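Comments concern the structure below.
2 protein chains.
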Amino acid sequence: MKKNRLSEEEYVNGILHGDRVTLSRAITLVESSLPSDQQLAEKVMERVLPFSGKSIRIGVTGVPGVGKSTFIESFGKLLVEKGFKLAVLAIDPSSQKSQGSILGDKTRMENLASDKRAYIRPSPAGAALGGVSAKTREAMLLCEAAGFNVILIETVGVGQSEIAVKGMVDFFLLLMLAGAGDELQGIKKGIIEMCDALVINKADQENVEAAKRAKKEYSNALHLFQAKENGWFPKVMICSGLMNIGLEEIWEMIEQYVLKMKDNGFFERNRQEQRINWMHEHIRFLLESKIYQSETIKKKIQDILPEIKNGNYSAIAKARELVDLFLQKQKGE
Amino acid sequence: MKKNRLSEEEYVNGILHGDRVTLSRAITLVESSLPSDQQLAEKVMERVLPFSGKSIRIGVTGVPGVGKSTFIESFGKLLVEKGFKLAVLAIDPSSQKSQGSILGDKTRMENLASDKRAYIRPSPAGAALGGVSAKTREAMLLCEAAGFNVILIETVGVGQSEIAVKGMVDFFLLLMLAGAGDELQGIKKGIIEMCDALVINKADQENVEAAKRAKKEYSNALHLFQAKENGWFPKVMICSGLMNIGLEEIWEMIEQYVLKMKDNGFFERNRQEQRINWMHEHIRFLLESKIYQSETIKKKIQDILPEIKNGNYSAIAKARELVDLFLQKQKGE
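Residue numbers (numbering that gives the first Met the number 0), protein chains in the order written: chain A, 0 to 332; chain B, 0 to 332.
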C-alpha cells in the first residue's frame, strides 16, 4: 500500500473533485491496517468531512436469494435516471473459506457497474461475515465528499452487520420474499423491528398474488410492534427488481420519510447519535490498533503464546498483564 | 450486584461442589459490568479454570422456527439419560425492542428445565442480537468447573454470533428444515461451511420424504466444499426433536467425531487456538473497560459531546484525542 499511496493533497483534491480512481484509492487507504496508512487516512478524513453528510443513506438487507443485487441494480438505475449520483457499498458474496459461491453467483450488478452515474464499491474480501467492514462508515463519508448524494449500503442477512448498518444510515430497507410456511423464517425479529420498510421482492408473474398476501400478513405482524419514537410506521410494499415493478413507489416513500423526519427533527437527531457512536467505535479501534502495534506487546505475546496454548497460563490473567504492561509503557513512549 | 455477591471462597467452593445456585450467581457476577465485580470474577475464574475443560462443547444453531428448543430439549433428555451432566447456555428468544415475541413463544424447554440432571442458563436480556453474550465462554468454563460434561450453546441464525460460538466449541451443529424452493435460503454459506454436521429437523410424519430429499441435496452441496483441515467431512442427518427420531444417531456421530479428533490431534489443537483467541478478546474487553472507567475520560466525553453531536468536532479526531489523553494519564494513575 505504502508505495502506491498518494499525498494528502492528492487524496483530498481528487475526492472533492469527484475523481473515482482517487475515491477508490482513498477507501483502500482507509481500510488499510498499516499504522502509517491509518494516520494519513485520518488526515484525509478530517479534511473531507466538512463536505460529507449531504446524501440520503439507505441500508438494504435481506437473506441470500432474496434478490438484493437485482433490486439494487434496478433501483439504482431508477435513481441515476432521476439525476441522483449514486454510490453502492456492496458486500462481496464470495464466502470466507471457499473462493467461489456454491450457488454459482454470476458477476453482480453488471449493468449498474458499467453506468458512469453510479459508483459501486464491494467490501474487501475477508471482511466480517455479513459484509460490513469496520470502515464502511468512512467509505460512505468519502463517497459523500466526492459528491454522491444517495448511498446504498448492502448487507446480507440477519445479524450484527445489520445493527452496524442501522447505526450509519437514515433509512433501513428489508427485502423479503413471499414464502410458503412461516413468513418470518430466516429473518430475526430484531431485524424486522429495525426496518423502516419491509419490501417483498419478486412480486411478478405468478408470484403477485402470494406477494400481496404476504404484504397483508406482514402488515398485520408489524402492527404488533410499538410505534417508533420518530412517529414512522414501517411500510410494507411489494416490488420486483427484475421486472421494474414498484420501485418508483419505494423511492417516493423514502423521500416522504426523509421530508417527515427532517420536519420533526428526527433526521438530524439520528445523525447526531450516529456521530457519537462513531466516536466510540473509533476509540475502540484506536486502542486495539495501538496495543497490537506496540513492539513490547508483540514480543511479550510471542513469548507467552506457547504457555497460553497448552493452558499453563490462563488467558484472562495474561490478558490483564499485557494490558497493564501496555498502559505502563505509555510513560516512556 | 455488589451487595448480593459472595466472597471469592464461597464462589469457588460452591462451583467446585456443583452447587447450581452459586454457579448461577457466579455467571451473573461474570456478566456484571461493575469494575469491582469484574475483578472478583477474574479471581474466581482463575481459581476454577484448572477444573474446566473436561466436557464436550457443542454449538447448536439454526434460524427461528427450525425447532431449536424442541431439539435441545429432546437431545438433552437423551444425554442426561445416558448419565451425562448437561448444561445449556440458551439464547433468550425475546427481542431487543419489544418485550414479547411476535411468534408467541411459550416458555422454552420446560421439560429439560425441570430436570435436575440438566442446568439451563438463558443469556441475559439485551445481549447482542443472536444471543451470544461477551461472557458466554466464561459461563461455559464455570459450568465445566461445576462438573457439567456436555455443554450445549444455542444461537439463533446467521451471523457473527455463530462465529463467536464456533470459536469456543468442539462441535458445531446446524439445524435446518426441508424447505420448498432454495434449500439454502436463510442460512449464509459461511455458516454452512463452519458446521460439522447439518441436521434436518422436523423429519417426521408427512415431512419424512422431503427431509430425505433435502438430506441428499445438502450432501451434494456440501461435497462442493473442500475437505476440512481436520479430515472431517460434515455429516448430513435427519431428525425430529419433537418425535425423538434420529437423536441417538446424532450423539453417536458426535462421539465418533470427538474420538477421531482426539486421535489426530485436532481436538487439542483447536482448543489451543481458542485459548489464544480468548486472550485477545479479553485484551480488547479490558482496554475498553478501562478507558470508559477513567474519570478523566468520562468527564472529557461529557464536555465534548455537544460538539460531536452537532458535527463541529470530528468524531475520529476527538476519539484520537481521548485515547491519547487516556494513555498519557496512565503515568499518574
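For every residue, glycine included, the Cβ atom is placed at its ideal position computed from N, Cα and C.
Values in this document were obtained by computation on a predicted structure and should not be read as measured data.
query = Taking the alpha-carbon positions, what's the Lys285 (chain B) to Glu208 (chain B) distance?
reply = Looking at the sequence itself, residue 285 (chain B) is Leu, so the reference to Lys does not match. Each residue's alpha carbon lies about 52 Å from the other.
request  = Scan the region 265–286 of chain B for residues whose Cβ lies nearer than 7 Å to a Cβ of chain A and list them as they occur along the chain.
outcome  = Gln271, Arg274, Ile275, Trp277, Met278, His281, Ile282, Arg283, Leu285 and Leu286
message = Between Lys214 (chain A) and chain B, is the shortest Cβ-Cβ distance under 9 Å, so that the two count as touching?
response = no
task = With a floor of 3 residues, list each beta strand (DSSP E) that falls wholly inside the region 215–264 of chain A, ordered by position along the chain.
result = 234–237
ask   = In the DSSP assignment, what residue or residues form a beta bridge with Phe284 (chain A)?
value = Answer by DSSP bridge pairing: none, since Phe284 (chain A) is not bridged.
task = Step through the CB atoms of chain B and report whether any lies within less than 9 Å of the CB of Glu41 (chain A).
result = yes
ask   = Which residues of chain A have a Cβ atom closer than 7 Å to the Cβ of Lys165 (chain B), listed in chain order?
value = Neighbours of Lys165 (chain B) on chain A: none; closest Cβ ~10 Å, over 7 Å.
query = To the nearest angstrom, how far is it from the Cα of Leu246 (chain B) to the Cα of Arg268 (chain B)?
reply = 28 Å
message = Using a 10 Å radius around the Cβ and a threshold of 16 neighbouring Cβ atoms, would you call Asn219 (chain B) buried or exposed?
response = exposed
CA nearest to the CA of Lys385 (chain B), picked from B:Leu78, B:Met44 and B:Lys84 = This structure gives no information on residue 385 (chain B), because the portion of chain B shown stretches from 0 to 332.
request  = Using only alpha-carbon positions, find the residue among A:Ile26, A:Thr69 and A:Arg19 that is nearest to Gly146 (chain A).
outcome  = A:Arg19
key: Other residues of its chain near Val29 (chain A): CB distance less than 6 Å, five sequence neighbours each side excluded   = Ala40, Lys134 and Glu137
Separation of Glu216 (chain A) from Phe265 (chain A), as counted between CA atoms = 29 Å
request  = Anything in chain A within Cβ reach of Tyr234 (chain B), meaning under 7 Å, just list it in chain order.
outcome  = Before going further, note that residue 234 (chain B) is Lys rather than Tyr in the sequence given. Ordered by position in chain A, no residue passes the 7 Å Cβ test against Lys234 (chain B), which lies about 17 Å from the chain.
Identity of the residue in A:Ser23, A:Val164, A:Val198 and A:Glu143 nearest Phe50 (chain A) by Cα = A:Glu143
task = Quick one: measure Cβ to Cβ for Val87 (chain B) and Leu15 (chain B), integer angstroms, because I've assumed they're closer than 8 Å.
result = Rounded, the Cβ-Cβ distance is 21 Å, inconsistent with contact.
ask   = Ser97 (chain B) CB to nearest chain A CB: under 9 Å?
value = At Ser97 (chain B), the pLDDT of 35 sits below 50, so the modelled position is not reliable; the number obtained from the coordinates is stated separately. Taking Cβ atoms only, chain A reaches closer than 9 Å to Ser97 (chain B), which makes this a yes.
query = Below 8 Å, can you find three or more Cβ-Cβ pairs linking the region 22–37 of chain B to the region 197–211 of chain B?
reply = no
Nonlocal neighbours in the same chain, by C-beta distance under 6 Å from Arg56 (chain B), ignoring five residues either side = Ile150, Val168 and Asp169
inquiry  = When you compare the region 236–243 of chain A with the region 273–293 of chain B, are there three or more beta-carbon pairs, one atom per stretch, that lie closer than 8 Å?
reply    = no
ask   = Does the beta-carbon of Glu254 (chain B) have 16 or more other beta-carbons within 10 angstroms, so that it is buried, or is it exposed?
value = exposed
Partner residues on chain B for Gly310 (chain A), Cβ-Cβ distance less than 9 Å = Leu48, Pro49, Gly52, Arg270, Gln271 and Arg274
ask   = Taking DSSP as the reference, what is the three-state secondary structure of Lys96 (chain B)?
value = Note that Lys96 (chain B) scores 37 on pLDDT, short of 50, meaning its location in the model is unreliable; the coordinates nonetheless yield the value given after this. Coil at Lys96 (chain B), not helix or strand.
Separation of Ala314 (chain A) from Gln271 (chain B), as counted between CA atoms = 11 Å
inquiry  = Nearest by alpha-carbon distance to Lys67 (chain B): which of B:Pro121, B:Met175 and B:Lys234 is it?
reply    = B:Met175
key: Integer Cβ distance of Arg4 (chain A) from Ile307 (chain B), believed to fall under 8 Å   = Contact flag wrong, Cβ pair sits at about 29 Å.
inquiry  = Strictly below 9 Å CB to CB, what residues from chain A border Glu45 (chain B)?
reply    = Ser313, Ile315 and Ala316
task = At 9 Å on the CB atoms, spell out the chain B contacts of Val322 (chain A), in chain order.
result = His281, Ile282, Leu285, Leu286 and Lys289
key: Residue closest to Lys76 (chain B), alpha-carbon to alpha-carbon, out of B:Met236, B:Asp262, B:Ile191 and B:Ser113   = B:Ser113
ask   = Would the C-beta of Ile199 (chain A) count as close to the ligand FMN, meaning under 8 Å from any of its heavy atoms?
value = The ligand FMN is not part of the structure shown, which contains no ligands of any sort.
query = Quick one, which of B:Pro121, B:Arg283, B:Pro305 and B:Thr154 has its alpha-carbon nearest Val62 (chain B)'s?
reply = B:Thr154
request  = Step through the CB atoms of chain A and report whether any lies within less than 9 Å of the CB of Gln292 (chain B).
outcome  = no
Chain A contact for Gln327 (chain B) (CB, 9 Å cutoff) = yes
inquiry  = Using DSSP's beta-bridge definition, name the partner residues of Asn200 (chain B).
reply    = B:Leu176
query = Any idea what DSSP makes of Phe266 (chain B), helix, strand or coil?
reply = helix
query = Does Arg56 (chain B) have its Cβ less than 9 Å from a Cβ in chain A?
reply = no
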